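Take a look at the structure set out below.
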Amino acid sequence: MKVKEIIFIVEEDPESGYNARALGESIFTEGSTLDELKENIKDAIKCHFDKEEDVPDIIRLHIVKEETFKYV
Numbered sequence: 008m009k010v011k012e013i014i015f016i017v018e019e020d021p022e023s024g025y026n027a028r029a030l031g032e033s034i035f036t037e038g039s040t041l042d043e044l045k046e047n048i049k050d051a052i053k054c055h056f057d058k059e060e061d062v063p064d065i066i067r068l069h070i071v072k073e074e075t076f077k078y079v
């Protein structure tokens with residue numbers, strides 16, 4: 008059965024740009040910029056699924072940004 012959508016958790020990496028991991032699939036990739044990350048995600052999905060017809064139609068990115076600040 009074809010999955011219609013695949014979701015990636017994207018986190019900023021202070022040293023190398025962005026890391027992405029798929030929910031429910033063993034797909035991990037990274038990129039220096041968001042545009043590079045998107046291209047790398049497409050490549051990783053293509054490598055992960057054996058058949059072109061199994062590739063999800065929609066790729067959703069859930070971008071998590073961690074920020075800290077002082078209370079005082």
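With my numbering, the residue at position 16 of the sequence shown is 23, and numbering never jumps.
Every residue, glycine too, gets a C-beta built ideally from N, C-alpha and C.
No experiment lies behind these values; they were computed from the predicted model shown.
Buried/exposed call for residue i, threshold 16 Cβ in 10 Å
i, result
"Ile65", "exposed"
"Tyr78", "exposed"
"Val71", "exposed"
"Leu30", "exposed"
N- and C-terminal bounds of the alpha helix (DSSP H) containing residue i
i, result
"Glu46", "41 to 55"
Host beta strand (DSSP E) of residue i (start-end)
i, result
"Glu18", "12 to 20"
"Gly38", "35 to 38"
Inter-residue spacing [alpha-carbon to alpha-carbon] between residue i and residue j
i, j, result
"Val62", "Asp42", "20 Å"
"Lys69", "Phe15", "Note on identity: in this sequence residue 69 is His, with Lys being the wrong assignment. For His69 and Phe15, the distance between alpha carbons rounds to 6 Å."
"Lys49", "Asp57", "14 Å"
Among the options, the one whose alpha carbon lies nearest that of residue i
i, options, result
"Lys11", "Glu59, Glu18, Ala27", "Glu59"
Check: residue i C-beta below 7 Å from any heavy atom of the ligand SAM
i, result
"Lys72", "Of ligands this structure carries none, so the ligand SAM is not represented either."
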